[in-house]
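Going by the working numbering, the sequence shown opens with residue 73, and the numbers climb by one from there. Even for Gly, the Cβ is constructed at its ideal location relative to N, Cα and C. The model shown is predicted, which means the values in this text are computed figures rather than measured ones. Here the structure comes first, spelled out in structure tokens, and everything after it is commentary.
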Amino acid sequence: MRFFITGGSGFVGSSLTAGLVAMGGTVTILTRRIKADAAAQEGVRYLEGDPTQEGPWQDAVADHDVVINMAGETIFQRWSRESKRRVYDSRILTTRNLSKALNRASGPPRTLISTSAVGYYGFRGSETLDESSPAGEDFLARLARDWEAEALRAAAGGVRVVICRFGIVFGRRGGALGEMVPMFRRGLGSSLGSGQQWISWIHEKDLVGIYLHLLGRSDISGAVNCTAPNPVTNRELTETLATVLDKPAFLPAVPAFVLKWKMGEMASILLNGQKVCPMKLLDMGYRFQHPTLEDALTNLLA
Ligand SMILES: NC(=O)c1ccc[n+]([C@@H]2O[C@H](COP(=O)([O-])OP(=O)(O)OC[C@H]3O[C@@H](n4cnc5c(N)ncnc54)[C@H](OP(=O)(O)O)[C@@H]3O)[C@@H](O)[C@H]2O)c1
């Protein structure tokens with residue numbers, strides 16, 4: 073199977089690329105700039121192009137069976153009018169250009185798996201959310217809603233569109249754990265704000281497993297929550313991470329006003345959360361390799 077990926081050079085994209093190649097696929101990674109040190113990997117080729125701009129890269133889409141869309145500028149930066157615009161455009165324009173390329177292609181691809189995030193639901197306290205829950209109204213919720221709408225434009229041309237709503241991805245090389253683990257190893261780990269905010273998370277291996285599962289299920293389309301079936305509170309995450317690393321976590325929680333002062337509006341995503349249930353995955357019988365946080369963190373960090 074031939075895959076075309078935007079964002080394939082990133083933290084999640086590189087892990088997914090390795091998984092797709094391991095099952096015999098070939099992967100074309102669309103990247104804004106091919107890095108001189110991009111390791112030659114069997115089954116992987118890089119194509120240079122800016123996905124936020126229309127261009128010749130769109131013609132290459134038709135040479136693939138499946139398109140996977142995960143490009144986007146990081147949200148982990150101080151939010152200003154300009155940075156929010158970049159975060160928004162990097163996802164919306166990329167996805168719009170991909171949908172145009174798919175609608176233009178005469179043959180394959182017949183499947184688009186596009187990324188979204190559980191931020192779609194907004195901040196909803198302890199309410200349990202599944203794929204049928206409505207979207208929220210904050211910046212990230214509106215971003216996710218518009219991101220999904222651009223992907224769904226490809227369905228008009230008969231493409232199967234699956235929207236993967238990621239929880240926080242825990243993996244070996246980077247992501248949220250890459251930020252947290254060094255602090256915890258120094259004994260400086262602590263919960264944030266009330267510590268009661270819910271965190272819906274997923275092990276990177278399960279994310280790859282979910283993609284492979286979805287590839288084999290041509291009957292599935294629309295939104296799929298990509299989260300483990302056991303979300304935790306921020307306090308539980310702090311305690312579990314400290315236990316797995318065999319480090320103390322005795323410091324008091326970082327007060328909300330300190331995070332807001334340091335990070336501005338972006339602190340909202342650390343101080344709030346959502347409790348998400350992967351209802352569709354459970355219904356379709358996907359078997360999680362790492363369903364509990366302790367098991368996932370032990371696997372990643374031991
Ligand atoms: N990691 C998580 O916990 C998590 C959780 C929820 C949702 N997500 C979503 O999943 C996707 C992948 O996440 P990740 O953690 O792997 O991100 P990442 O490591 O930051 O990689 C994102 C990729 O997007 C491309 N990109 C960055 N800025 C861009 C811009 N301004 N315009 C166009 N492309 C740009 C980059 O590709 P090139 O430099 O090669 O062009 C990069 O490899 C993102 O869209 C993210 O929002 C991630």
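Next item on the list: Would you mind sorting M95 into buried or exposed? The rule is 16 or more other CB atoms within 10 Å of its CB.
Entry: exposed
Next item on the list: Indicate, with yes or no, if ligand 1 has a heavy atom lying under 7 Å from the CB of F25.
Entry: Residue numbering for the chain in the displayed model covers 73 to 374; residue 25 lies beyond these limits and cannot be assessed.
Notebook entry, point to check: Three-state secondary structure (DSSP) at I147?
Noted result: coil
Note to self: Considering just the uninterrupted stretch of the alpha helix (DSSP H) at R105, what are its terminal residues?
What the structure shows: Here R105 belongs to no alpha helix (DSSP H), and DSSP marks it neither H nor E.
Notebook entry, point to check: What residues are listed by DSSP as bridge partners for F83?
Noted result: Paired residues: none, contrary to the question.
Next item on the list: Just list the beta strand (DSSP E) runs in the region 282-331, keeping only unbroken ones of 3 residues or longer that don't cross its boundaries, in chain order.
Entry: Counting only runs of 3 or more, we get 294-298.
Next item on the list: Using alpha carbons as the reference points, say which of V316, V304, N297, M351 lies closest to G267.
Entry: Taking the Cα of G267 as reference, the smallest distance to any Cα among V316, V304, N297, M351 is reached at V304.
Note to self: Looking at A110: is its Cβ nearer than 8 Å to the Cβ of Y118?
What the structure shows: Taking 8 Å as the cut-off, the Cβ atoms of A110 and Y118 count as close.
Check: What are the partner residues of H275, as DSSP defines its beta bridges?
Finding: DSSP lists F242 as partners of H275.
Checklist line | Spatially closest choice to V231 from A173, D202, Q346, S198, by CA coordinates | finding: A173
Item checked: Distance between beta carbons of V234 and I185, contact taken as under 8 Å -> 5 Å between Cβ atoms; contact.
Notebook entry, point to check: Under three-state DSSP, which class holds L264?
Noted result: strand
Notebook entry, point to check: According to DSSP, is R359 helix, strand or coil?
Noted result: coil
Next item on the list: Taking A328 as the reference, give the member of A314, L224, L343 with the closest Cα.
Entry: L343
Check: Are V159 and N297 closer than 8 Å when you measure CB to CB?
Finding: no
Check: Quick one: what's K347 bridged to in DSSP?
Finding: T200
Next item on the list: Could I get the ranges of all uninterrupted beta strand (DSSP E) runs contained in the region 177-240, with 3 residues as the minimum, in chain order?
Entry: Counting only runs of 3+ residues, the beta strand (DSSP E) found wholly inside the region 177-240 occupies 183-189, 232-238, in chain order.
Check: Cα separation between A368 and M255?
Finding: 19 Å
Notebook entry, point to check: What distance in whole Å lies between the Cβ atoms of G259 and P324, which are believed to be in contact at a cut-off of 8 Å?
Noted result: Contact doesn't hold; Cβ gap of about 14 Å is too wide.
Notebook entry, point to check: Under a CB-based cut-off of 8 Å, is Q268 close to chain D?
Noted result: No chain D is part of this structure, which consists of one protein chain only.
Notebook entry, point to check: What did DSSP end up calling R258 once you bin it into helix, strand or coil?
Noted result: coil
Note to self: If contacts are defined as beta-carbon pairs under 8 Å, then W151 and M338 qualify, I think. What distance do you get, rounded to the angstrom?
What the structure shows: 5 Å
Check: For S81, which residues from the same chain have a beta carbon less than 7 Å from its beta carbon, with the 5 sequence-adjacent residues on both sides left out?
Finding: I101, T103
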